[in-house]
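I have placed the structure first, in the form of structure tokens, so that the comments after it can refer back to it.
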Amino acid sequence: MDRDTYRSLIGEFATGVAVVTTNVDGRLHGMTANAICSLSLEPLQLLVCVDRESNCYRQMQGAEAFGLSILASDQEEISNTFARTTAPEAGSLLGVAFRQGCLSEPLIENALAHLECRIAERIDGGDHIIVIGDVVAGERLRDAEPLLFYGGRYARLAP
Ligand SMILES: Cc1cc2nc3c(=O)[nH]c(=O)nc-3n(C[C@H](O)[C@H](O)[C@H](O)COP(=O)(O)O)c2cc1C
78 MDRDTYRSLI
88 GEFATGVAVV
98 TTNVDGRLHG
108 MTANAICSLS
118 LEPLQLLVCV
128 DRESNCYRQM
138 QGAEAFGLSI
148 LASDQEEISN
158 TFARTTAPEA
168 GSLLGVAFRQ
178 GCLSEPLIEN
188 ALAHLECRIA
198 ERIDGGDHII
208 VIGDVVAGER
218 LRDAEPLLFY
228 GGRYARLAP
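Numbering (our numbering), first residue to last: 78 to 236.
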């Protein structure tokens, strides 16, 4: 199968949208991601697939933890902000408001929910790496609808 056919078929799998955040020696970084999957309940684990070409990949090499900020339907702009490649910054996340998680990772303010993970394993996955995290904390921040991604564009739940 060619790459474009694969992309259009896998695009039929609707997902949520989250920002994966890391803090390596005070240098903060966020990347929009939807290749995220709940992995295990015993232990509590999830995985995120990270492109080897991304700054997020380089951050993940030095990070001990990462955060997930699950975006709400009114946070499309935040998704776009973190879908642009940007080098990690000392103490800032592209001007987006954040709080510090229990593992020192930044977490986006006003997201739908946060999950905080200690990195358990990094596995080779072709041109991506699969980062497995032990989920150590998390919370739902507000009662809102999720931002969705379907067919290569943002989508929302039907009213
Ligand atoms: C909705 C959406 C989902 C994405 N999912 C992923 C993903 O799961 N993994 C990934 O590596 N990149 C994903 N991307 C692409 C990255 O966000 C993009 O390549 C970003 O520029 C990488 O930034 P960085 O180089 O600063 O880390 C996604 C982009 C969008 C808009």
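C-beta: ideal position from N, C-alpha, C; glycine also.
Are the beta-carbon atoms belonging to residue i and residue j less than 8 Å from one another?
{"i": "GLY144", "j": "PRO183", "result": "yes"}
{"i": "VAL96", "j": "ILE155", "result": "yes"}
{"i": "ALA197", "j": "ILE147", "result": "no"}
Based on the DSSP output, what are the partners of residue i in its beta bridges?
{"i": "LEU121", "result": "LEU118"}
{"i": "GLU198", "result": "ILE209"}
{"i": "VAL101", "result": "ARG104"}
{"i": "GLU89", "result": "DSSP lists no partner for GLU89."}
{"i": "ALA232", "result": "LEU225"}
{"i": "ARG217", "result": "ALA190"}
{"i": "ALA110", "result": "ALA95"}
Less than 7 Å between the CB of residue i and some heavy atom of ligand 3, yes or no?
{"i": "ARG161", "result": "For the structure depicted, ligand 3 is absent and the ligand set comprises only ligand 1."}
Can we count residue i as close to ligand 1, meaning its CB is less than 7 Å from some heavy atom?
{"i": "SER117", "result": "no"}
{"i": "THR99", "result": "no"}
{"i": "PHE226", "result": "yes"}
Just list the beta strand (DSSP E) runs in the segment 132-190, keeping only unbroken ones of 3 residues or longer that don't cross its boundaries, in chain order.
If you keep only unbroken beta strand (DSSP E) runs of at least 3 residues inside the segment 132-190, you get 142-147, 175-177 and 183-185.
Taking contact to mean at least 3 C-beta pairs separated by less than 8 Å, is the segment 220-227 in contact with the segment 126-141?
Because the criterion of three Cβ pairs below 8 Å is not met, the segment 220-227 and the segment 126-141 do not touch.
Three or more beta-carbon pairs under 8 Å between the segment 101-111 and the segment 172-186, yes or no?
Counting C-beta pairs with one atom in each stretch, the segment 101-111 and the segment 172-186 have three or more that are closer than 8 Å, which means they touch.
When the Cβ atoms of the segment 196-207 are set against those of the segment 159-167, are three or more pairs found closer than 8 Å?
Under the three-pair Cβ rule at 8 Å, the segment 196-207 does not count as touching the segment 159-167.
Within the chosen definition, does the segment 110-117 reach the segment 90-99 through at least 3 CB pairs nearer than 8 Å?
The segment 110-117 is in contact with the segment 90-99.
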